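To start, the structure under review is shown below, and the notes come after it.
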Amino acid sequence: MSAKRYVCDSCGAVASKWSGQCGACGVWNEMREEVVRPGSGKASLRRTEEFALSDMRAWEKDPDRLMTGIGEFDRACGGGLVAGSLLLIAGDPGIGKSTLMLQTASHLRRGGRNCAYISGEESVSQIRLRARRLGLENVDLPLAAATHLEAILATLESANVDVLVLDSIQTMWLRSVDATAGSLLQMRSCVQAMLEFAKRTNAVILLVGHITKDGQIAGPKAIEHMVDVVMYFEGERGHSFRILRVLKNRHGAIDEIGVFTMEPHGLIEVSNPSAFFLGDMGENDEDAYGVAAFATIEGRRPLLTQVQALVARSPLATPRRATVGCNAARLAMILAVMDTHCSVSLHAHDIYLNIAGGLQIGEPAMDLAMAAALFSSLRRTPLPSDWVFFGEISLSGGVRPIPRAQARIKEAEKLGFGNAVIPVRTEIPKESSGLRIHRIAHLRELNALEPMRITPAPPQARRMAEA
Ligand code: TYD
Ligand code: MG
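To convert, note that position 454 of the sequence shown is 456 in our numbering; the numbers rise steadily by one, no gaps.
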């Protein structure tokens with residue numbers, strides 16, 4: 003005989019009797035009925051399921067990995083998909099999740115894998131249209147528009163699929179669960195059913211999840227703990243680049259990223275993101291002042307990018323300060339340090355700061371590059387294009403060491419940079435670098451670096467700057 007119990011949809015508390023209000027968290031109308039299947043009462047692990055940590059046989063084999071053929075995706079997963087695992091790909095609506103999934107599934111299908119793409123959001127003809135746009139209309143990928151999960155899994159039970167895409171979790175529902183699609187209870191139950199399916203059939207399930215703007219109540223956050231891999235697909239509106247970021251991975255490293263650009267015909271891998279974000283930095287342009295190269299770390303990957311500053315005399319009583327892609331408070335702090343410790347005052351200037359390509363950078367390691375760009379713009383003097391800057395500036399003007407200096411230097415070297423300005427106490431192995439390293443302890447020294455030509459501009463340029 004099966005027993006009934008009541009579970010709060012909000013906090014998960016369990017009660018034997020239904021009530022309008024949850025006794026644990028006080029929320030109204032969230033108690034849902036669940037049926038508990040009876041156990042034998044004498045269950046125990048089978049012999050084959052028992053093992054000790056020291057029993058190495060249990061660890062001998064690394065899991066086999068299924069490569070999707072999309073390098074940036076495989077890289078983000080930690081080197082391909084692990085059979086029987088459940089991956090959650092979450093992101094804002096419209097960011098490109100369905101596109102990524104369709105391309106991935108098609109690639110796998112072309113590689114001879116058994117795949118299926120189930121969409122609860124679009125009709126089959128809409129998916130076909132998208133496939134045509136992506137140039138994938140000739141791939142014999144089984145498609146279905148369906149939301150009834152029991153039916154989907156029953157249909158695929160004997161189909162022997164290697165990879166199954168379900169787009170999206172918010173649209174899937176189980177008949178046996180009395181809750182609307184997209185509710186917490188429905189989503190949890192669906193993930194549970196998929197997990198069970200994945201483990202039993204050894205299929206990989208790629209699960210799409212929308213992040214809802216109004217908090218994460220019905221969002222994918224609530225199911226992150228149940229899946230093996232959590233990835234976020236991110237990007238800025240108005241910019242083409244997309245980053246696939248891994249937040250959780252039971253079978254690999256977290257903090258990996260994959261970089262793509264969204265083009266009219268689909269997502270394109272960016273295997274050299276530094277070159278992408280640096281843009282035309284290499285070209286030596288006499289007017290390209292106010293631009294400094296910076297090496298940031300995205301996930302575990304060093305990325306070179308461009309900090310652009312524009313400093314102009316302001317007609318306003320309160321000059322404008324605007325930043326895109328970086329922290330305005332950080333800019334205010336650097337300006338105060340430049341004023342106090344370098345006698346460079348910008349209080350009568352409008353200042354604009356921009357990170358090229360639409361990247362968002364929060365790390366203080368960018369301080370030095372921001373300062374270099376500001377100095378350069380103020381003096382209408384371009385920085386040499388093969389210089390890269392990184393270091394955190396403290397309130398006293400001191401330049402402090404930053405993490406992962408070695409990786410940043412390596413990346414800059416790979417891209418043909420010749421000089422790096424770094425904090426004085428940065429540790430880097432001797433053999434490591436073909437770059438000329440300039441170590442500085444104080445912001446004043448940046449201002450005084452001879453070969454950077456951050457010297458006062460010639461009189462004519464200065465008159466123009468002051469006009
Ligand atoms: P989509 O994959 O539908 O996003 P999601 O599933 O995350 O909601 O992508 C939608 C956006 O991507 C849409 O604004 C159009 C754009 N897009 C392209 O720029 N190029 C393409 O090839 C495709 C298919 C979409
Ligand atoms: Mg979609």
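For every residue, glycine included, the Cβ atom is placed at its ideal position computed from N, Cα and C. Quantities reported herein were computed from a predicted structural model and do not represent experimental measurements.
Exercise. If you draw a straight line from the C-alpha of HIS267 to the C-alpha of PHE235, how long is it?
Worked result: Locating residue 267 in the sequence shown gives position 265, where the first residue counts as 1. Locating residue 235 in the sequence shown gives position 233, where the first residue counts as 1. Take the alpha-carbon of HIS267 and the one of PHE235: they are about 18 Å apart.
For this session: Verify the contact flag: SER127, CB atom, against every heavy atom of ligand 1, threshold strictly below 8 Å.
Result: Walking along the sequence shown from the start, residue 127 turns up at place 125. Outside the cutoff, so no.
Exercise. Does the separation of the CB atoms of ALA294 and TRP389 fall below 9 Å?
Worked result: Within the sequence shown, residue 294 is the residue found at index 292, counting from 1. Within the sequence shown, residue 389 is the residue found at index 387, counting from 1. Between ALA294 and TRP389, the C-beta gap is smaller than 9 Å, which places the two residues in contact.
Exercise. Taking PHE296 as the reference, which of ALA147, GLU74, LEU361, ALA5 has the closest Cα?
Worked result: Here residue 296 refers to the residue found at position 294 of the sequence shown. If we check each option's Cα against that of PHE296, LEU361 comes out closest.
Exercise. If you draw a straight line from the alpha carbon of ALA311 to that of HIS241, how long is it in whole angstroms?
Worked result: In the sequence shown, residue 311 corresponds to position 309, counting from 1. In the sequence shown, residue 241 corresponds to position 239, counting from 1. Each residue's CA atom was taken as its position, placing ALA311 and HIS241 some 20 Å apart.
Exercise. If you draw a straight line from the C-alpha of SER100 to the C-alpha of THR70, how long is it?
Worked result: For the purposes of this step, residue 100 is taken as the residue at position 98 of the sequence shown. For the purposes of this step, residue 70 is taken as the residue at position 68 of the sequence shown. So the alpha carbons of these two residues sit roughly 16 Å apart.
For this session: Check whether the region 163-173 touches the region 194-212, counting contact only when three or more Cβ pairs, one atom from each stretch, lie closer than 8 Å.
Result: Three or more pairs of CB atoms, one per stretch, sit closer than 8 Å, so the region 163-173 contacts the region 194-212.
Exercise. Does ligand 3 have even one heavy atom less than 8 Å from the beta-carbon of GLY240?
Worked result: Ligands present in the displayed structure are limited to ligand 1 and ligand 2, and ligand 3 is not among them.
Problem set entry | Uninterrupted alpha helix (DSSP H) stretches inside the region 147-191 (no shorter than 4 residues) | Within the region 147-191, the complete alpha helix (DSSP H) runs of at least 4 residues are 151-158.
For this session: Leaving aside the five residues before and after LEU269 along the sequence, list all residues of the same chain whose C-beta is less than 8 Å from its C-beta, in chain order.
Result: Taking the sequence shown and counting its residues from 1, one reaches residue 269 at position 267. Same-chain partners within the cutoff: GLY98, THR101, LEU102, GLN105, ARG244, PHE262, THR263.
For this session: Since I believe ALA367 is in contact with PHE392 (beta carbons under 8 Å), could you give me their beta-carbon distance rounded to a whole number of angstroms?
Result: Within the sequence shown, numbered from 1, the residue matching residue 392 stands at position 390. Within the sequence shown, numbered from 1, the residue matching residue 367 stands at position 365. Their Cβ separation, rounded to whole angstroms, is 5 Å, which keeps PHE392 and ALA367 in contact under 8 Å.
Exercise. Does the beta carbon of ASP94 fall short of 8 Å from some heavy atom of ligand 2?
Worked result: Working through the sequence shown from its first residue, we reach residue 94 at position 92. Every heavy atom of ligand 2 is 8 Å or more from the Cβ of ASP94, so no.
Exercise. By Cβ distance below 6 Å, which residues in the same chain neighbour GLY217 in space, the five residues on each side in sequence not counted?
Worked result: Translated into the one-based positions of the sequence shown, residue 217 becomes position 215. Confidence at GLY217 is low in this model, with a pLDDT of 42, below 50, so the placement of that residue is unreliable and no value is reported for it.
For this session: Determine contact between the region 132-149 and the region 74-83, defined as no fewer than three beta-carbon pairs at a distance below 8 Å.
Result: Touching, no, given that fewer than three Cβ pairs across the two stretches are closer than 8 Å.
Exercise. Does the Cβ-Cβ distance between TYR291 and SER378 come in under 9 Å?
Worked result: As a working note, residue 291 is residue 289 in the sequence shown. As a working note, residue 378 is residue 376 in the sequence shown. In contact: TYR291 and SER378 (Cβ atoms closer than 9 Å).
Exercise. Taking the runs of the alpha helix (DSSP H) that are 4 residues or longer, which of them lie wholly in the region 320-381?
Worked result: Qualifying alpha helix (DSSP H) stretches, in chain order: 330-344, 369-380.
Exercise. Is the region 408-424 touching the region 317-331 in the sense that three or more CB pairs, one from each, lie closer than 8 Å?
Worked result: Remark: fewer than three beta-carbon pairs, one from each stretch, lie closer than 8 Å, so the region 317-331 and the region 408-424 are not flagged as touching.
Exercise. Does ligand 1 have a heavy atom nearer than 8 Å to the CB of LEU145?
Worked result: To locate residue 145, count along the sequence shown from 1; it is residue 143. Incorrect: LEU145 has no Cβ contact closer than 8 Å to ligand 1.
Exercise. What does ASN421 pair with, by DSSP beta-bridge criteria?
Worked result: As a first step, residue 421 must be located in the sequence shown, where it is residue number 419. Looking at the DSSP assignment, ASN421 forms a beta bridge with TRP389, ARG438.
For this session: In the DSSP assignment, find the unbroken alpha helix (DSSP H) run with MET103 in it and report its ends.
Result: Position 101 of the sequence shown, counting from 1, holds the residue named residue 103. Here the alpha helix (DSSP H) through MET103 covers 99-112.
Exercise. Skipping 5 residues on each side, what residues in its chain have a beta carbon closer than 8 Å to that of LEU136?
Worked result: Residue numbering aside, residue 136 sits at position 134 when the sequence shown is read from its first letter. The residues are THR101, LEU104, GLN105, SER108, HIS267, GLY268.
Exercise. Closer than 8 Å: is that where the CB of LYS99 sits relative to any heavy atom of ligand 2?
Worked result: On the sequence shown, position 97 is the one that residue 99 refers to. For LYS99, the Cβ falls inside the 8 Å cut-off from some heavy atom of ligand 2.
Problem set entry | Nearest-angstrom Cβ-Cβ length linking VAL339 and ILE395, presumed shorter than 8 Å | Here the question's residue 339 lines up with position 337 in the sequence shown. Here the question's residue 395 lines up with position 393 in the sequence shown. For a cut-off of 8 Å, the C-beta gap from VAL339 to ILE395 is around 6 Å, short enough to register as a contact.
For this session: For GLN141, collect the residues of the same chain with a Cβ closer than 8 Å to its Cβ; drop the 5 residues on either side in sequence, then sort them by chain order.
Result: Taking the first residue of the sequence shown as 1, we reach residue 141 at position 139. Before going on, a small fix: residue 141 reads as Val here, not Gln. Closer than 8 Å at Cβ, skipping near neighbours: SER108, ARG111, ARG112, ALA133.
Exercise. Terminal residues of the continuous beta strand (DSSP E) containing ASN251?
Worked result: Within the sequence shown, the letter at position 249 stands for residue 251. Following the DSSP letters along the chain, one finds ASN251 inside the beta strand (DSSP E) bounded by residues 243-251.
Exercise. With distances taken from CA atoms, which of ALA205, GLY400, PRO384, VAL326 is nearest CYS344?
Worked result: Numbered from 1 along the sequence shown, position 342 holds the residue referred to as residue 344. If we check each option's Cα against that of CYS344, GLY400 comes out closest.
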